[in-house]
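> Residue numbers (the working numbering), protein chains in the order written: chain A, 1 to 84; chain B, 101 to 195.
C-beta atoms are modelled at their ideal positions from N, C-alpha and C, and glycine is treated no differently.
In structure tokens form, the structure reads like this:
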């Protein structure tokens with residue numbers, strides 16, 4: 001199960017590279033969404049491995065906040081104001 | 101053992117999805133790779149965690165996290181796709 005966690009953790013690194021490089025703003029938004037999902041999975045796995053149930057609450061709050069942030073940024077970029 | 105196999109298959113799916121997200125060129129192609137593989141892979145990883153921990157001592161927060169990810173991940177993907185489509189057809193480019 002620790003190998004699964006390290007695979008999920010290593011899958012964040014190319015997404016951070018894409019987050020720097022992405023040609024448009026939506027590519028960066030896709031990279032941020034994927035990276036937030038992987039961080040949620042890493043938190044859930046480490047909560048089960050280390051027997052700390054607090055980390056599951058952290059994972060739930062992290063997933064909800066990243067969802068709200070992604071939807072708010074997408075709805076903001078849809079109108080196209082403030083990007084001149 | 102079955103839980104480890106499920107979680108390993110989910111991690112393999114997430115790795116393939118990461119390769120697709122980095123290698124594709126368009127926003128919509130990236131959204132297709134990201135949305136499909138993230139949803140299926142993380143669902144498999146969380147299902148594997150539920151089986152790995154055992155049904156007797158399962159924590160309900162894990163199932164709640166699974167339901168939350170299954171509910172919110174398609175909404176985020178659809179929101180990004182709609183934002184890119186509407187902005188491309190009504191406004192100018194954003195870099």
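Taking the alpha carbon of residue 164 of chain B as the reference point, which residue from B/104, B/177, B/150 has its own alpha carbon closest?
Taking the first residue of the second chain as position 1, residue 164 of chain B is located at position 64. Among B/104, B/177, B/150, the Cα nearest to that of residue 164 of chain B belongs to B/150.
> Helix, strand or coil for residue 125 of chain B? Go by DSSP, reduced to three states.
What you label residue 125 of chain B is simply residue 25 of the second chain in a count that begins at 1. Here residue 125 of chain B sits in coil by DSSP.
> Please work out which residues of its chain come closer than 6 Å, Cβ to Cβ, to residue 47 of chain A, disregarding the five sequence neighbours upstream and downstream, and give them in chain order.
If you number the first chain from 1, residue 47 of chain A lands on position 47. Here the set comprises 55, 56.
> Give me the residue from B/172, B/167, B/185 with the minimum Cα distance to residue 67 of chain A.
Looking up residue 67 of chain A in the first chain gives position 67. Out of B/172, B/167, B/185, the CA that lies nearest to the CA of residue 67 of chain A is found in B/172.
> Using the beta-carbon of each residue, which ones in chain B are nearer than 7 Å to residue 19 of chain A?
Here the question's residue 19 of chain A lines up with position 19 in the first chain. Correct list: empty, because the minimum Cβ distance to chain B is about 11 Å.
> Say whether chain A places a C-beta atom closer than 8 Å to the C-beta of residue 187 of chain B.
Your numbering for residue 187 of chain B matches position 87 in the second chain. So, interface residue.
> Taking the straight line between their C-alpha atoms, what separation do you get for residue 183 of chain B and residue 73 of chain A?
Position 83 of the second chain, counted from the first residue, corresponds to residue 183 of chain B. Position 73 of the first chain, counted from the first residue, corresponds to residue 73 of chain A. Going by the C-alpha atoms only, they are around 9 Å apart.
> Near residue 176 of chain B, what residues of its chain come up, given a Cβ to Cβ distance below 7 Å and the 5 sequence neighbours on each side ignored?
Here residue 176 of chain B refers to the residue found at position 76 when the second chain is read from its first residue. Closer than 7 Å at the Cβ level, and outside the excluded window around residue 176 of chain B, lies no residue.
> Following the continuous alpha helix (DSSP H) through residue 101 of chain B, name the residue where it begins and the one where it ends.
Here residue 101 of chain B corresponds to residue number 1 of the second chain, with the count starting at 1. It is not in any alpha helix (DSSP H) - residue 101 of chain B carries neither H nor E in the DSSP assignment.
> Would you report the Cα separation of residue 43 of chain A and residue 37 of chain A, rounded to the nearest angstrom?
For the purposes of this step, residue 43 of chain A is identified with residue 43 of the first chain, where counting begins at 1. For the purposes of this step, residue 37 of chain A is identified with residue 37 of the first chain, where counting begins at 1. For residue 43 of chain A and residue 37 of chain A, the distance between alpha carbons rounds to 10 Å.
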